[in-house]
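J.: This is the structure I want to talk about, given as structure tokens.
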Amino acid sequence: MKIDIKRLEKLSKIELEDKERITFIKEMEKIIQWVEEIEKVSEENINFKLGLTPLRDDIIDKSEIKRDFFLKNSPKSDDEFIIVDEVIKK
Amino acid sequence: MSLKTIEDYRKEIEEKGVESTYENIFKTIKEKNENYNIFLSIEKDYAYKRIDEIKKRDKKGRLYAIPIAIKDNIAVKGLQLTCGSKILKDFVSPYSATVIERLEEEGAIIVGKTNMDEFAMGSSNENSAYFNTKNPINAEYVPGGSSGGSAAAVSSNSVPISLGSDTGGSVRQPASFTNTFGFRPTYGSISRYGLVAFASSLDIIGPIANSIKDIKLVYDIISGKDERDSTSIDIEKNGSLEKKVRIGFIKQDSIKDIDKDIYDSYYKFINELENLGYEIGEIDSELWNYSLNSYYIIASSEASSNLSRFDGVRYGLRNEGDDLNEMYVYTRTKGFGREVKRRIFLGTFSLSSGYYDKYYKKASVLREMIKNEFHNNFKRFDFIITPTTPEFPFKFNQKQDPIKMYLSDWFTVPSSLANLPSISVPFIKNEKNLPAGLQIISNYGKDYKLMEFIDKIIVKTGGNK
Numbered sequence: 001m002k003i004d005i006k007r008l009e010k011l012s013k014i015e016l017e018d019k020e021r022i023t024f025i026k027e028m029e030k031i032i033q034w035v036e037e038i039e040k041v042s043e044e045n046i047n048f049k050l051g052l053t054p055l056r057d058d059i060i061d062k063s064e065i066k067r068d069f070f071l072k073n074s075p076k077s078d079d080e081f082i083i084v085d086e087v088i089k090k
Numbered sequence: 001m002s003l004k005t006i007e008d009y010r011k012e013i014e015e016k017g018v019e020s021t022y023e024n025i026f027k028t029i030k031e032k033n034e035n036y037n038i039f040l041s042i043e044k045d046y047a048y049k050r051i052d053e054i055k056k057r058d059k060k061g062r063l064y065a066i067p068i069a070i071k072d073n074i075a076v077k078g079l080q081l082t083c084g085s086k087i088l089k090d091f092v093s094p095y096s097a098t099v100i101e102r103l104e105e106e107g108a109i110i111v112g113k114t115n116m117d118e119f120a121m122g123s124s125n126e127n128s129a130y131f132n133t134k135n136p137i138n139a140e141y142v143p144g145g146s147s148g149g150s151a152a153a154v155s156s157n158s159v160p161i162s163l164g165s166d167t168g169g170s171v172r173q174p175a176s177f178t179n180t181f182g183f184r185p186t187y188g189s190i191s192r193y194g195l196v197a198f199a200s201s202l203d204i205i206g207p208i209a210n211s212i213k214d215i216k217l218v219y220d221i222i223s224g225k226d227e228r229d230s231t232s233i234d235i236e237k238n239g240s241l242e243k244k245v246r247i248g249f250i251k252q253d254s255i256k257d258i259d260k261d262i263y264d265s266y267y268k269f270i271n272e273l274e275n276l277g278y279e280i281g282e283i284d285s286e287l288w289n290y291s292l293n294s295y296y297i298i299a300s301s302e303a304s305s306n307l308s309r310f311d312g313v314r315y316g317l318r319n320e321g322d323d324l325n326e327m328y329v330y331t332r333t334k335g336f337g338r339e340v341k342r343r344i345f346l347g348t349f350s351l352s353s354g355y356y357d358k359y360y361k362k363a364s365v366l367r368e369m370i371k372n373e374f375h376n377n378f379k380r381f382d383f384i385i386t387p388t389t390p391e392f393p394f395k396f397n398q399k400q401d402p403i404k405m406y407l408s409d410w411f412t413v414p415s416s417l418a419n420l421p422s423i424s425v426p427f428i429k430n431e432k433n434l435p436a437g438l439q440i441i442s443n444y445g446k447d448y449k450l451m452e453f454i455d456k457i458i459v460k461t462g463g464n465k
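Protein sequence lines, in the order shown, are assigned to chains V and H. With the first letter of the first sequence counted as 1, position 66 gets the number 66 in this note's numbering; the numbers rise by one all the way through. With the first letter of the second sequence counted as 1, position 427 gets the number 427 in this note's numbering; the numbers rise by one all the way through.
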């Protein structure tokens, strides 16, 4: 099966260089061909439902983590906030 | 070289005291690390602080002053958490995983974070963004993966016990390659809180050790329901075996592409068990041939979703671009390695519109079928025995083809998909002195019976050569 690697790059927010794209296409096509072997198995009559993770009550737990920790781990921050480009447009 | 267990460390601590024992421990760790590149970080300061703390306690705890190595995808407060990736290069964990809290409550001392395949994706440790860990049994060979650093830490006698994580075989396969015990418990029986997610419906933390007794002690401490992981569960602690133990093995002609020594030793061992009077029966599974394919769809799909959080916004690496989208793309392109990219692509592909039914849904149905098949087999058997790996350890750069690398998990993936406990036990060595393990699988939640069976029967009948 031919794959549209540029579409996958766009969806994954990963960009390949032109040279490595050729290798990736080859590898991905082989991998997809390989996983496609599951088509050979006839499905039993199984009612597949996505498993749902049990949810806890929506109560705020007191966190012991200090603000400093988050700021230090962030790529860019001032004394109070993590600095990012505008993520949600006004 | 005799393999050290927790008991050996206890004796040493009793005789020499904690400080002098730790001088030796860090000397050994340094030396082994120079030879085999086991640790991403050696945490001497952290360890000595913790030693001061436990010495002030009234109660010593079941792991008093026992050194433990931790895979670098499990959070320890104040220590690095790289997951073997450049994208988390300078990340410091703001909290500790539940397993770490439970170990430290019992007096355990964390001495370092171990190397791993990036985001636990790999079977040789060659996918670490930092360096390759070498197999302590023979440094020309890989230690397995993805918990290769943790397995090497135990195998090299740097520590008696380590924690790894297992999604499709990442604890059992390196245990097989390093002649150690590696345990993938029942899914959910150990909290995932503080384990960096790869494929959440398959991920579990598991111990690696030089004895089944040590595996059991550590499992006993770290397992059980945790409010912070809603998929976590308590399991039955009764480990007593049935009077007549029934053992299933894989039908002879249904195993393909396996090393001849492993194949022969496996069936010879099954014969020995039969001669000893255990009820033996064969399993013929068509589905096992499709487990790996299903696994790669499911695990990669979950990974593509889980790894979307690494976007350069709040933590980890950020590579600025002209706009927000460029920043996302530059960060992820630079931050992730090849195998991680392949899996994100595969997952994105199988979840994308038009392909979901054909790939993700079909694989999930197969997963249910595999679960049902195991369920039926465990009506006939108490345990199922298989080889852990189809081969002995391989050399670095030997597997350039990703699919060949994936096949390393052929035996370990089915029980992962079925959420079942399975343990790799040291089994045989070939003429090059390279090891391969034996895998024992039990029914859901029967982890204590599984450990009892290995302790009382497998290890004593020569499964532990």
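From the three backbone atoms N, C-alpha and C, an ideal C-beta is built for every residue, glycine too.
1) For a test of the three-state rule: what should DSSP assign to H/I354, helix, strand or coil?
2) Taking the beta carbon of H/T133 as the centre, do at least 16 other beta carbons fall within 10 Å, making it buried, or is it exposed?
3) State yes or no: is the C-beta of H/L317 within less than 8 Å of the C-beta of H/T331?
4) Distance cutoff 8 Å, beta carbons only. Does H/I440 sit that close to anything in chain V?
5) Taking the C-alpha atoms as reference points, what is the distance between H/K225 and H/S442?
6) Would you mind sorting H/A139 into buried or exposed? The rule is 16 or more other CB atoms within 10 Å of its CB.
7) For the putative contact between H/G168 and H/S416, defined by C-beta atoms under 8 Å, what is the C-beta separation to the nearest angstrom?
8) Please specify which runs of the alpha helix (DSSP H), each continuous and at least 4 residues long, are wholly inside the region 244-290 of chain H, giving them in chain order.
9) To the nearest angstrom, report how far apart H/P387 and H/P174 are at their CA atoms.
10) State yes or no: is the beta carbon of V/D57 nearer than 8 Å to at least one beta carbon in chain H?
11) Beta carbon of H/I110, beta carbon of H/E43: below 8 Å?
12) Counting contacts by CB-CB distance shorter than 8 Å, is V/I22 in contact with chain H?
13) To the nearest angstrom, how far is the alpha carbon of H/K260 from that of H/D166?
14) What's the gap between the Cα of H/I255 and the Cα of H/T389?
15) For H/Q439, count the other beta carbons within 10 Å of its own beta carbon; 16 or more makes it buried, fewer makes it exposed. Which is it?
16) What does the Cβ neighbour count give for H/S223, buried or exposed, with the cut at 16 atoms within 10 Å?
17) Can you tell me where the alpha helix (DSSP H) holding H/S155 begins and where it ends?
18) Pick from H/K446, H/E53 and H/E106: whose alpha carbon is nearest that of H/Y64?
19) By the DSSP assignment, the beta strand (DSSP E) with H/T5 in it spans what residues?
20) Whose C-alpha, out of H/L434, H/K371 and H/L407, is nearest the C-alpha of H/G122?
21) For the region 246-254 of chain H against the region 275-295 of chain H, are there 3 or more C-beta pairs whose distance is under 8 Å?
22) To the nearest angstrom, how far is it from the Cα of H/F427 to the Cα of H/L217?
23) In terms of residues, what are the limits of the beta strand (DSSP E) holding H/I423?
24) Given the structure, does H/Y290 come close to the ligand FAD, in the sense that its CB is under 7 Å from one of the ligand's heavy atoms?
25) Against chain H, does V/D85 count as a neighbour if the rule is that its beta carbon must be under 8 Å from one of theirs?
26) Taking only the alpha-carbon atoms, compute the straight-line gap between H/F394 and H/N33 and give it to the nearest angstrom.
27) How would you call H/N241, buried or exposed, if buried means at least 16 neighbouring beta carbons within 10 angstroms?
28) Looking only at DSSP bridge pairs, what is H/I70 linked to?
29) Can you give me the C-alpha to C-alpha distance between H/D447 and H/I385, rounded to a whole angstrom?
30) Please list, in chain order, the chain V residues whose beta carbon lies closer than 9 Å to that of H/A363.
31) Of all the options H/Y328, H/Y266, H/F177 and H/K86, which has the alpha carbon lying nearest to the alpha carbon of H/L40?
32) Under 8 Å, with one C-beta from each stretch per pair, do the region 96-106 of chain H and the region 66-83 of chain H reach the 3-pair mark?
33) At a Cβ threshold of 8 Å, is H/L346 touching chain V?
34) Mind the definition here: the region 20-40 of chain V touches the region 343-357 of chain H only if three or more C-beta pairs lie below 8 Å; say whether that holds.
35) Run through the DSSP bridge pairs and tell me what H/R184 is partnered with.
36) Kindly indicate if chain H contains any beta-carbon less than 8 Å away from that of V/K6.
T.: For this structure:
1) Note that residue 354 of chain H is Gly in the sequence shown here, rather than Ile. Three-state DSSP puts H/G354 in coil, outside helix and strand.
2) Classification of H/T133: buried, given that the 10 Å Cβ count is 16 or more.
3) Inclusion of H/L317 and H/T331 in the CB contact set at 8 Å is warranted, their separation being smaller than that value.
4) Under the Cβ criterion of 8 Å, H/I440 is not counted among the residues facing chain V.
5) One C-alpha to the other measures close to 20 Å.
6) Classification for H/A139: exposed.
7) A Cβ-Cβ distance of about 5 Å is found for the pair H/G168 and H/S416, placing them in contact under the 8 Å criterion.
8) Runs found: 260-275.
9) Their Cα atoms are separated by approximately 13 Å.
10) Judged by the 8 Å Cβ criterion, V/D57 is not in contact with chain H.
11) Taking 8 Å as the Cβ cut-off, H/I110 and H/E43 qualify as a contacting pair.
12) Chain H has no Cβ within less than 8 Å of the Cβ of V/I22.
13) If you take the alpha carbons of H/K260 and H/D166, they lie about 27 Å apart.
14) Taking the Cα positions, H/I255 is about 12 Å away from H/T389.
15) Around the CB of H/Q439, 16 or more other CB atoms lie within 10 Å, so the residue is classed as buried.
16) With 16 or more other Cβ atoms from the protein chains shown falling within 10 Å of its own Cβ, H/S223 counts as buried.
17) Counting along the chain, the alpha helix (DSSP H) containing H/S155 begins and ends at G148 to S155.
18) Closest by alpha carbon: H/E106.
19) Unbroken run through H/T5: none, as it is neither H nor E.
20) Checking every option, the nearest Cα to that of H/G122 belongs to H/L407.
21) Short answer: they touch.
22) Each residue's alpha carbon lies about 22 Å from the other.
23) H/I423 -> beta strand (DSSP E) spans S422 to K429.
24) The model depicted lacks the ligand FAD and carries no ligand whatsoever.
25) True, the Cβ-Cβ gap to chain H drops below 8 Å.
26) Looking at the two C-alpha atoms, the distance is approximately 21 Å.
27) It is Leu, not Asn, that sits at residue 241 of chain H in the sequence shown. Using a 10 angstroms sphere on the CB of H/L241, the tally of other CB atoms stays under 16, which defines it as exposed.
28) BP columns for H/I70 point to H/K113 and H/L163.
29) Rounded to whole angstroms, the gap between the alpha carbons of H/D447 and H/I385 is 15 Å.
30) Neighbours of H/A363 in chain V, taken as residues whose beta carbon is under 9 Å from its own, are V35 and I38 in chain order.
31) H/L40 has its Cα closest to that of H/K86, out of H/Y328, H/Y266, H/F177 and H/K86.
32) With a cut-off of 8 Å, the region 66-83 of chain H and the region 96-106 of chain H count as touching, because enough Cβ pairs lie within range.
33) H/L346 counts as touching chain V.
34) These segments touch.
35) Residue pairing by DSSP places H/R184 opposite H/S422 in a beta bridge.
36) Among the residues facing chain H, V/K6 is not included, as its CB has no counterpart in that chain under 8 Å away.
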